[in-house]
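Data block below; observations after.
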Amino acid sequence: MVAFVRTAAVVGLEPWPVTLECWVGPGLPGTRLVGLPDAAVKEAADRAKAAVKSTGLSWPTQRIIGNLAPAEVPKAGAGFDLAFALGVLGASGALETEHLRDVWALGELGLDGSVRPVPGTLPIASLARSRNARLLLVADTAAVEASLIEGLAVVPVADLREAVAVLRGDEPARAAGRAPRATRPNVPDLADVRGQAVARRAIEIAAAGDHHVLLAGPPGCGKSMLARRLPGLLPELPVEQAMEVAAIHSVAGVRDPAAPLDHSPPYRAPHHTVSIAGLVGGGSGIARPGEISLAHAGILFLDELLEMPRRTLDVLREPLETGEVRITRARASVRFPARCRLVAATNPCPCGHLGDPRADCRCRPDRIDRYRERLSGPLLDRIDLQVTMHPVVATDLLGESSEESTDIVRARVVAARTRRDARRASGGRVATPAALERLARAIDALALSSRSFDACLRVARTIADLDGVGLVGPEHVDEAIAHRMPVNLVGAA
Amino acid sequence: MSEALWASVAAPGTDPDRLRRAVRDAPDRGLAGSVDEDAAAWQEHGVCVTLRGDPAYPADLAAKDPAGAPAFLAVRGQLPRGPAVAIVGARRASGYGVAVAAWLADAAARAGVTVISGGAVGIDAAAHQAAGRHTVAVLGCGHAVGYPHPHARRGGLFDQLAEAGGAVVSGYLPCTPPRPHVVRARNRLVAGLADALVVVEGGARSGSLVTAGHAADLGVPVLAVPGDVRQPGSAAPHLLLAEGAAPCREPADLLAAVGASSVGAAPSSPSALPPPIREHLAASWPRPIRLDELARRSGMSTGQLLAAITAARVDREVVEGHDGVRLRAAPG
């Protein structure tokens, strides 16, 4: 007899429908799982057998063949356990065909029969709804995540016994727990950053125009403090984007399945020793999303940028340009969205104390040049805003902060973004001829690279949006140029 | 072929044959390379070479330093005649040091006094740049070595100096590398070419102290620019002041040491900077101010301030360095 249970495999971020076919019949007793399973999938046979027996049901002492169709979709992980156990029960007659009609099942089984959540619940639930699933059986905690998809009957099951009872109709299905209403998480306030007028302004422009930022300054001048406050300046994500982010995080297994849908832009700050696979995605078999994709629609903060190996910096270039990562492996080619804003921080020189009045920089000027040259070139060209930060004077830290708070700045940012969207919809000219002329002259006089032209124009466009001006004027261009790092800082005459 | 080559690199009044023999016997000649290759390298870099005692060789250098003056001088550009001052200091210069060096060099050049320096980055570069065509850079290596890289590359400081009418000189074969002892030894040539020496900035172990020592040996008056007592870059000038060097408080002090007098300030073009910013920058000159600090003091919005500063940088009224922005020239 053959039984069918629906489930899905996630390749990259894409869920692929998989039908688990189970046949039980005469032959030497034993279990075989076919259909391009990886090691963890093959172990499903053992886990399912133990779980079925622990539940008090009988495991057929016959030949059992499980097939994951279509066979060409690569499958990984323990998420097929529940479907396989139900398939065996269906094929051996413990469940009837009608019980399993259009039932989707997703979960890892414990040896005692308990059902555990697996990564990728959200995209699979979305697929199940589009395929008109009658029921989606998932672990208790995963049910909260699955029920973010509207119009899908999500059935939480604590263990295999409950799953069988619900399918047979012996027990009513429990309702999936609803996530508590999302609240804006407590992001730190911009008012905490004292002084640093130039860097604050740069962060505001970055938030308004989705520019990448480089913060250069001695240790302790507040680079990470400032970066941490950028998410708070951004508007909340619209539902579709929040779902996209949640799906990425679900597949990567970094999302708490019981958490509500988070509308705030994600903030990721990997350590500078992060591997290339950890940064842009990868891993053995089918690639998993990296930090740059986990930061999709949000902020990727890379501290100590120049401590990262050259190769790691180089792989960042293409995703920053195209907004997505493509990883091709023998078994599958995957695409992860990676439209994040990069906030990079670096010391101004190898010892870190150039321009720091509290400590003496001991670097030779040629070493400083060489250190900075690592930054120059293709990566730096993609970073529109380059800010030199200085340590704060102690007196600035005393007393109440008189700096603008996150709420005030966010209001300006949101207004500028609205203007930008309206402007993009209407098209038309961007800058006045006087502004372009001014930009060309300044780039020549200040010996900036010719590639700076586009970056300055982009930033000037955002500044004009913040000012509420339709066309970029010379004053916007002038300010934009001030956010480019001078070519040589030491001994400029 | 070879004769024509040597004739083309010999300065007017220098015998090509004698030059060839002097180059062959040069103390920095290593095992590699032939004398003709040296001549070809000089020719490629547009260098003329003169021997000690020849008309093109600075006569007072040989007189002042009979033991230490190099046997030949490889000169790119025109060696100016007349009084000369050396303005030297550290490579790792502060904005204050760079501003003072440029101030002194500009005043010297306008008084017709040549500015000699070591062609290094930092203080040396600031002095060369401000002196326009009245300047001589003394290399710590050969002409063909390309050191220091930012100045020796195409279109760099050395090209600018030679084109403007200044000179780049070296007492070494074209391929002698900038080893530390070679770089320090050229400091004697810096002191020998000058009639007065001022040390603007330098650490306690700065090469400027070596130059000042040579100057004292050769009877060249030594001056030092007072600095901030807490800055490490003030160590060298303060040490010299303690040992009896004359303080250099303004360009007139330096010019008086070579018997020149300062001419009036250069006519300044009207400032495009907003008055409050201009006042703050003028008040703190030659010390730079950080942009954050300027934003706080001026009370302008950061955006307006940054735009005004960029406009002034394009007009060459303001310079931005690692420790802040400052006026390029002394406020009137």
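So the sequence lines, in the order shown, correspond to chains A and B.
With the first sequence counted from 1, adding 974 to any position gets you the numbering used here.
With the second sequence counted from 1, adding 11 to any position gets you the numbering used here.
Don't be surprised by glycine CBs; every beta carbon is placed ideally from N, CA and C.
Of all Cβ atoms in chain B, is any one closer than 8 Å to the Cβ of residue i?
i	result
A:Ser-1258	no
A:Ala-1319	no
A:Gly-1329	yes
A:Ala-1456	yes
A:Val-1464	Legend: pLDDT at A:Val-1464 = 42, less than 50; position of this residue unreliable, value from coordinates given subsequently. Chain B, which has a Cβ nearer than 8 Å to the Cβ of A:Val-1464, makes this yes.
A:Glu-1449	yes
A:Leu-1204	no
A:His-1364	yes
A:Ala-1416	yes
A:Asp-1184	no
A:Glu-1453	yes
A:Asp-1334	yes
Chain A partners of residue i, CB-CB under 9 Å?
i	result
B:Pro-159	Pro-1339 and Asp-1340
B:Asp-117	Neighbours of B:Asp-117 on chain A: none; closest Cβ ~10 Å, over 9 Å.
B:Gly-238	Going along chain A, no residue has its Cβ under 9 Å from B:Gly-238, so there is no contact; the nearest lies around 14 Å.
Identify which residue in the options has its Cα closest to the Cα of residue i.
i	options	result
B:Gln-315	A:Phe-1275, A:Gly-1447, A:Leu-1280 and A:Arg-1202	A:Gly-1447
A:Cys-1314	A:Phe-1275, A:Ala-1045, A:Val-1062 and A:Ala-1176	A:Phe-1275
B:Val-99	B:Ile-300, B:Thr-61 and B:Thr-146	B:Thr-146
A:Val-927	A:Ser-1028, A:Cys-1323 and A:Arg-1458	No answer is possible for residue 927 of chain A: it lies beyond the span of chain A, which begins at 975 and ends at 1467.
B:His-347	A:Pro-1192, A:Pro-989 and A:Gly-1061	Beyond the ends of chain B as shown, which are 12 and 343, falls residue 347 of chain B; an answer cannot be given.
B:Pro-81	B:Asp-117, B:Glu-174, B:Val-34 and B:Ile-127	B:Val-34
A:Glu-1378	A:Gln-1036, A:Lys-1023, A:Arg-1174 and A:Arg-1090	A:Arg-1174
A:Gly-936	A:Pro-1231, A:Arg-1309, A:Ser-1238 and A:Arg-1305	Any question about residue 936 of chain A goes unanswered here, given that chain A covers just 975 to 1467.
A:Gly-1227	A:Glu-1119, A:Thr-1320 and A:Gly-1326	A:Glu-1119
A:Glu-1046	A:Ala-1068, A:Asp-1012 and A:Ala-1059	A:Asp-1012
A:Arg-1344	B:His-160, B:Pro-27, B:Gly-230 and B:Arg-32	B:His-160
B:Ala-141	B:Asp-26, B:Ser-312, B:Val-111 and B:Gly-41	B:Val-111
A:Pro-1365	A:Gly-1169, A:Glu-1082, A:Leu-1010 and A:Gly-1084	A:Gly-1169
B:Pro-286	B:Pro-299, B:Glu-304, B:Asp-206 and B:Ala-319	B:Ala-319
B:Pro-299	B:Trp-17, B:Ala-340, B:Pro-281 and B:Arg-195	B:Ala-340
B:Val-221	B:Ile-288, B:Arg-195, B:Ser-280 and B:Pro-262	B:Arg-195
Are the C-beta atoms of residue i and some chain A residue less than 8 Å apart?
i	result
B:Ile-320	yes
B:Leu-200	no
B:Gly-143	no
B:Pro-243	yes
B:His-333	yes
B:Thr-313	yes
B:Val-211	no
B:Val-221	no
B:Val-231	no
B:Gly-129	no
Helix, strand or coil: how does DSSP classify residue i here?
i	result
A:Ile-1357	coil
B:Gly-335	strand
B:Leu-316	helix
A:Gly-970	Given a span of 975 to 1467 for chain A in the structure shown, any question on residue 970 of chain A remains unanswerable.
B:Val-111	helix
B:Gly-64	coil
A:Phe-1058	helix
B:Thr-321	helix
A:Val-1047	coil
A:Ile-1301	strand
B:Asn-198	helix
A:Glu-1124	coil
A:Glu-1017	coil
A:Tyr-1345	helix
A:Ile-1455	helix
A:Pro-1162	coil
A:Leu-1083	strand
Give the residues of chain A in contact with residue i, contact being defined as C-beta atoms less than 8 Å apart.
i	result
B:His-249	Within chain A, no residue comes near B:His-249; the closest Cβ sits about 16 Å away, beyond 8 Å.
B:Ala-306	Ala-1171 and Val-1172
Can you pull the chain B residues whose beta carbon is under 9 Å from the beta carbon of residue i, in chain order?
i	result
A:Pro-1322	His-333
Going along chain B in order, which residues have a C-beta closer than 7 Å to the C-beta of residue i?
i	result
A:Leu-1420	Arg-324 and Val-325
A:Glu-1347	Near A:Glu-1347 there are no residues of chain B at all, since even the closest Cβ is about 11 Å away, more than 7 Å.
Residues of chain B with CB closer than 8 Å to the CB of residue i, please, in chain order.
i	result
A:Arg-1175	Thr-313, Gly-314 and Leu-317
A:Ile-1437	Gly-314
Any heavy atom of the ligand HEM closer than 7 Å to the CB of residue i?
i	result
A:Arg-1090	No copy of the ligand HEM appears in this structure; indeed no ligand is present at all.
request  = Could you tell me which uninterrupted beta strand (DSSP E) segments, each at least 3 residues in length, are contained entirely in the region 94-169 of chain B, listed from first to last along the chain?
outcome  = 95-99, 125-128 and 146-149
request  = Enumerate, from N- to C-terminal direction, the unbroken beta strand (DSSP E) stretches of 3 or more residues contained entirely within the region 220-304 of chain B.
outcome  = List check, beta strand (DSSP E) in window: 233-235.
Start-end ranges of the alpha helix (DSSP H) lying completely within the region 25-54 of chain B, minimum 4 residues = 27-35
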